[in-house]
């Protein structure tokens, strides 16, 4: 028997005919077999600081909006049907998924989702600063939606997080945990 947990889950236990199964155990089975398994959700996923690179965004000034989701079923089907990118910063955590969609202004709308709240990394400096130093072009970022779904409890550096985001007209940071 080979048992593998579903993506984002770790196999917690496997019971074969009422007995706990240990990897490598050999069973000789006659008759009916009853198998039950339980799994646990892996730890909270952390958004990679190189999420734009992972999305294939080479010109930061082409990003118009960023929308966060803490439930994959909330991602619109028009978005989830496009190419999915892995934006997770480490292994053995819930996967952070991302999509890029070109809007009517020929700019990118980014969608970032996970099965649970997405953590920002300890060093989140410049995280949403989409200024392009080479060209001197300011950010086209007009909105960060559902920012309240982001967990900032482990962040120790938020310096310049929104640097040069001149087109952001409002931001609700009331949910940000700045204790660190």
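In this note's numbering, the protein residues as written are 204 to 383.
We treat Cβ as the ideally placed atom computed from N, Cα and C, and that holds for glycine.
Could you pull out every residue in the same chain whose Cβ sits closer than 7 angstroms to the Cβ of residue 282, ignoring the five residues on either side in sequence? The residue you call residue 282 lines up with position 79 of the chain shown. These residues qualify, in order along the chain: 302, 304, 314.
Limits of the alpha helix (DSSP H) - the one that residue 256 falls within: Position 53 of the chain shown, counted from the start, is the residue given in the question as residue 256. 254 to 257 is the extent of the alpha helix (DSSP H) around residue 256.
From 235, 270, 255, 258, residue whose alpha carbon lies closest to that of residue 320: Locating residue 320 in the chain shown gives position 117, counting from the first residue. Selected option, being the one with the closest Cα: 270.
Within the same chain, show all residues whose beta-carbon is closer than 7 angstroms to that of residue 285, passing over the 5 residues directly before and after it, in chain order. For the purposes of this step, residue 285 is taken as residue 82 along the chain shown, with counting starting at 1. So the qualifying residues of the chain are 302, 304.
Ordered list of alpha helix (DSSP H) runs contained in the region 325 to 376, each at least 4 residues: none
Residue 264 versus 235, 354, 352, 367, residue with shortest Cα-Cα distance: The residue given as residue 264 occupies position 61 in the chain shown. Looking at the Cα atoms, 367 is the closest of the given residues.
Tell whether a beta-carbon distance below 9 angstroms holds between residue 374 and residue 267. For the purposes of this step, residue 374 is taken as the residue at position 171 of the chain shown. For the purposes of this step, residue 267 is taken as the residue at position 64 of the chain shown. No. Outside cutoff.
Short check: CB of residue 277 to CB of residue 257, under 9 angstroms? Sequence index remark: in the chain shown, residue 277 carries index 74 (1-based). Sequence index remark: in the chain shown, residue 257 carries index 54 (1-based). Cβ atoms of residue 277 and residue 257: not closer than 9 angstroms.
At what residues does the alpha helix (DSSP H) containing residue 283 begin and finish? Translated into the one-based positions of the chain shown, residue 283 becomes position 80. Looking at the DSSP string, the run of the alpha helix (DSSP H) that includes residue 283 is 280 to 283.
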